[in-house]
Amino acid sequence: MRIPSGIDGFDDLIQGGFPLGTNILLMGAPMTGKSTMSMQFLYKGLSLGNAGIFISTNETAEDVRERMASFGWNTETFEREGMMKYVDCYGMMVDSKLRDTPSIRRVPSVLAFTNLSVVLSELCGHFWRLQKTIRIAFDSVSSLLMYANPEAVTRFLHVLLGRFKMLKAVSILTLEEGMHPRTIEMTLQQLSDGALRLTKRNGERFISCLGLASTRCVKGEIPFEITQKGIEIKLKERPRLGR
């Protein structure tokens, strides 16, 4: 079974959507649209009755909510219904007085792996008991690598992604490409079930699928734009799926 990505025109490139139980690494240089894509993916799920968890490591949950609303993706209704949860790993690093709310769980810092693991286990377990498809956006893994030993980060993610897979959740994890050693990027790709790359060149934006479990992806770079409605694929003719 597959779930729609939420990106207009993208599902035609990946045989109809993301397979359940896949963890997808979304790579790209800064300002290429990674956060936007992860938010759009999450909001599409909310509109379909899926549960959503947004893990933020470089801005507060309130800032993420505001950015989503700027595209028309207002999550407050879903928060009141209990279907949207934010996990804020950044806020308490800059304001220790911040506290949890019904829809926001605070983690002391990006280094608090144990706290983060406990919070995610609670939230995922709750949605699993409700028999909801779970979508998770993790923005971004690069923040963890800035503060912690890369080996500790990869060990943590190895266990965490295994839990997501067991629950048949679909997750998108963003990574700042070019900011880390190539060996780290390769290790994170190996831990994931798929990898996408966003690039920006001469004012144009492209997305490419480096691989996705159980999926024939379109080869090469596919142009896209970021509009008031989010990311939209721009193709003049039907793409060819890879073998």
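Going from the sequence shown to this note's numbering is simple: count from 1 and add 1001.
Using N, Cα and C, we set each Cβ at its ideal position, and we do this for glycine too.
Distance between residue j and residue i (C-alpha atoms, nearest Å)
i	j	result
phenylalanine 1157	valine 1095	24 Å
leucine 1131	methionine 1084	10 Å
phenylalanine 1011	threonine 1037	14 Å
glycine 1212	alanine 1138	19 Å
serine 1143	glutamate 1226	24 Å
glycine 1209	asparagine 1024	According to the sequence as given, residue 1209 is serine; it is not glycine. The alpha-carbon atoms of serine 1209 and asparagine 1024 are separated by roughly 16 Å.
glycine 1195	threonine 1155	16 Å
glutamate 1186	threonine 1076	32 Å
lysine 1045	proline 1005	8 Å
arginine 1217	tryptophan 1129	29 Å
valine 1111	leucine 1145	6 Å
glycine 1221	leucine 1161	31 Å
alanine 1153	proline 1182	15 Å
valine 1108	phenylalanine 1114	9 Å
arginine 1100	glycine 1073	26 Å
alanine 1030	glutamate 1067	23 Å
Exposure label - residue i; buried when at least 16 CB within 10 Å
i	result
glutamine 1229	exposed
leucine 1049	exposed
arginine 1081	exposed
aspartate 1140	buried
glycine 1126	exposed
proline 1020	buried
glutamate 1123	exposed
glutamine 1191	exposed
lysine 1235	exposed
glutamate 1177	buried
lysine 1098	exposed
threonine 1278	An answer regarding residue 1278 cannot be provided, because it is not within the stretch 1002 to 1244 covered by the chain.
Extent of the continuous beta strand (DSSP E) to which residue i belongs
i	result
proline 1224	1223-1228
methionine 1028	1024-1029
leucine 1211	1205-1213
glycine 1231	1231-1234
leucine 1199	1195-1202
threonine 1216	Note, threonine 1216: premise wrong, no beta strand (DSSP E); not H, not E.
threonine 1033	Where threonine 1033 is concerned, there is no enclosing beta strand (DSSP E), given that its DSSP letter is neither H nor E.
serine 1172	1171-1177
N-terminal and C-terminal residue of the alpha helix (DSSP H) that residue i is part of
i	result
glutamate 1152	1151-1167
leucine 1049	Looking at the DSSP string, leucine 1049 is not in any alpha helix (DSSP H), and its letter there is neither H nor E.
leucine 1145	1142-1148
threonine 1188	1183-1192
Cβ-Cβ separation, residue j to residue i (assumed contact under 8 Å), whole Å
i	j	result
arginine 1136	glycine 1053	5 Å
threonine 1033	leucine 1199	4 Å
glutamine 1016	glycine 1231	About 22 Å separates the two Cβ atoms, so there is no contact after all.
leucine 1014	serine 1193	Actually they do not touch by this definition, with Cβ atoms about 18 Å apart.
glycine 1022	lysine 1166	5 Å
* To do: Could you name each continuous beta strand (DSSP E) segment of 3 residues or more that falls completely within the stretch 1061-1136, going from the start of the chain to the end?
  => 1085-1089 and 1105-1107
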